[in-house]
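Asks: Take a look at the following structure, please.
2 protein chains.
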Amino acid sequence: MTGQISSTVEVARRHSVPAKIYQRTRSDHASEIAEDYVEAIADVIVANGVCRAVDLVAHFAVTHATVSNTISRLHRDGFVDTAPYQPIALTAKGNRLASQAKKRHKIVTAFLKRIGVGDRAAEIDSEGMEHHVSKETLDAMKRVLADGLPPEKPSNPKLS
Amino acid sequence: MTGQISSTVEVARRHSVPAKIYQRTRSDHASEIAEDYVEAIADVIVANGVCRAVDLVAHFAVTHATVSNTISRLHRDGFVDTAPYQPIALTAKGNRLASQAKKRHKIVTAFLKRIGVGDRAAEIDSEGMEHHVSKETLDAMKRVLADGLPPEKPSNPKLS
DNA sequence: CAGGAAAGTTAGTCGATGCTAACTTATGCT
DNA sequence: AGCATAAGTTAGCATCGACTAACTTTCCTG
Chain D
8 MTGQISSTVE VARRHSVPAK IYQRTRSDHA SEIAEDYVEA IADVIVANGV CRAVDLVAHF
68 AVTHATVSNT ISRLHRDGFV DTAPYQPIAL TAKGNRLASQ AKKRHKIVTA FLKRIGVGDR
128 AAEIDSEGME HHVSKETLDA MKRVLADGLP PEKPSNPKLS
Chain F
8 MTGQISSTVE VARRHSVPAK IYQRTRSDHA SEIAEDYVEA IADVIVANGV CRAVDLVAHF
68 AVTHATVSNT ISRLHRDGFV DTAPYQPIAL TAKGNRLASQ AKKRHKIVTA FLKRIGVGDR
128 AAEIDSEGME HHVSKETLDA MKRVLADGLP PEKPSNPKLS
């Protein structure tokens, strides 16, 4: 999966930024659903004591079959602990991922609200954005929440 | 594709926010790649006069085969205009999407830099985030860029 | 202008994510 | 206890996005 990529990236270095970026974007994709699921599972457990597949069916608006498949993958990848017809629990690994995702999610949501986005849109957008926010950006958001906007950078003095 | 979703969403209304959100996330997914591609194609055309598949191979660090497939889909969906062994042009529809994506991308990048994210991370994160930013959030970003942070909402005065 | 390299296409494969349909297991209610 | 309904699983299919391998077309260069 990495063999001939290096050469392609090599070529791409002549270009502005990209290439590597899209690699990242793609591999992230895989784990986005994992994050969404473990986060949801954690929420349901808090709310109901246990999490059943049917809760996720409702949460994600997909069919039972899809949830079943996805849970299998999560189980295969060590995020959840479950057995046929049993409730779904998080493993340590799953729990770590869930709480990390939740933290990030909260910050992004709070940040969006802080910059003037309405509650509803903030909820929705943070859902999509959270998976693409790097540590650096997250830190910047935290700083803004705590201290407000940083001073404007002197990068465009010639413009004024 | 919509038949039994309505009933599932119905069920989901008992829950907090979700359900519909994830529907959106999924259908967005399809168009994310379309956006990335038309944006890249537009850039390459500006830079080189024409865009060939090989330019996209470099840009996205994927194989020729993948680009070929993707271009076929874009053609099928009316975003690009091309023929075998010919350069790739954007249709009116493709152009519209490209310039819209580019605009959004620029705003997100500028915004991230403004809140203190480094150039490199701003480029990378905006790539992933741009597809998940609603008009409302985009407007909020524009306002911050123009006028700074809005006054803090009176929602948490008890906290201070 | 011929031949080879570069560019592009096609065929076949894989995994993720979704679906429907059909089946099995569990539960709950009378 | 016994059956209907709810919950969960399995099988089979489709699409997308990626890959490799093999082939074809273009185009440049000697």
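If you read the protein sequences in the order shown, they are chains D and F. One gets my numbering by counting positions in the first sequence from 1 and adding 7 to each. One gets my numbering by counting positions in the second sequence from 1 and adding 7 to each. Don't be surprised by glycine CBs; every beta carbon is placed ideally from N, CA and C. Predicted model only: the values in this text are computed from it and were never measured.
When you compare only the Cα positions, how much space is there between residue 121(F) and residue 78(D)?
Replies: 40 Å
Asks: How about residue 151(D) and residue 136(D): do their beta carbons lie closer than 7 Å?
Replies: no
Asks: At a CB distance below 7 Å, what residues from the stretch 94-114 of chain D approach chain F? Give them in sequence order.
Replies: none
Asks: Please identify, using Cβ separations under 8 Å, the residues of the stretch 130-154 of chain D that lie next to chain F, in order along the chain.
Replies: Residues of the stretch 130-154 of chain D that bring their beta carbon within less than 8 Å of a beta carbon in chain F comprise 130, 131, 132, 134, 135, 136, 138, 139, 140, 141, 143, 144, 147, 148, 150 and 151, in sequence order.
Asks: Against chain D, with Cβ distances strictly below 7 Å, would residue 91(F) count as a contact?
Replies: no
Asks: Taking only beta-carbon atoms, is residue 186(F) less than 7 Å away from chain D?
Replies: In the structure displayed, chain F extends from 8 to 167; residue 186(F) sits before or after that span and is not available.
Asks: For the alpha helix (DSSP H) that contains residue 79(D), what are its first and last residues?
Replies: 71-83
Asks: Would you say the beta carbon of residue 153(D) is closer than 6 Å to some non-hydrogen atom of the ligand FMN?
Replies: Ligands are entirely absent from the displayed structure, and the ligand FMN is therefore not among its contents.
Asks: Give me the chain F residues within the contact set of residue 156(D), using Cβ-Cβ distance strictly less than 9 Å, ordered along the chain.
Replies: Listed along the chain, the chain F residues whose CB falls inside 9 Å of the CB of residue 156(D) are 121, 122, 123, 151, 155 and 156.
Asks: Which complete alpha helix (DSSP H) runs does the stretch 107-142 of chain D hold, if anything under 4 residues is left out?
Replies: Whole alpha helix (DSSP H) segments, 4+ residues: 126-136.
Asks: Quick test of your reading: residue 44(D) and residue 67(F), contact by CB under 8 Å. State the CB separation rounded to the nearest angstrom.
Replies: The Cβ separation is near 28 Å, so there is no contact.
Asks: Answer with yes or no whether the minimum CB distance from residue 26(D) to chain F is below 7 Å.
Replies: yes
Asks: Mind pulling the chain F residues with CB within less than 8 Å of residue 49(D)?
Replies: Correct list: empty, because the minimum Cβ distance to chain F is about 13 Å.
Asks: How is the alpha helix (DSSP H) around residue 67(F) delimited, first residue to last?
Replies: 60-67
Asks: Residues in its own chain within less than 8 Å of residue 126(F) by CB, not counting five upstream and five downstream?
Replies: 120
Asks: By alpha-carbon positions, which one of 156(D), 59(D), 111(D) and 73(D) ends up nearest to residue 92(D)?
Replies: Here the closest residue by C-alpha is 59(D).
Asks: Nearest CA to the CA of residue 108(D): which residue from 73(D), 140(D), 158(D) and 62(D)?
Replies: Measuring from the Cα of residue 108(D), the nearest candidate turns out to be 140(D).
Asks: When burial is assigned at 16 or more other CB atoms within 10 Å of the CB, is residue 70(F) buried or exposed?
Replies: The residue is exposed, with fewer than 16 neighbouring Cβ atoms inside 10 Å.
Asks: For residue 145(F), which residues in the same chain have their Cβ closer than 7 Å to its Cβ, ignoring the five residues on either side in sequence?
Replies: Excluding sequence neighbours, residue 145(F) sits near 111 and 114.
Asks: Would you say residue 128(F) lies against chain D (beta-carbon separation less than 7 Å)?
Replies: yes
Asks: Which class does residue 152(D) belong to by DSSP, given the choice of helix, strand or coil?
Replies: helix
Asks: Taking 6 Å as the limit between beta carbons, can you name the residues of its chain near residue 39(F), skipping five residues before and five after?
Replies: 138
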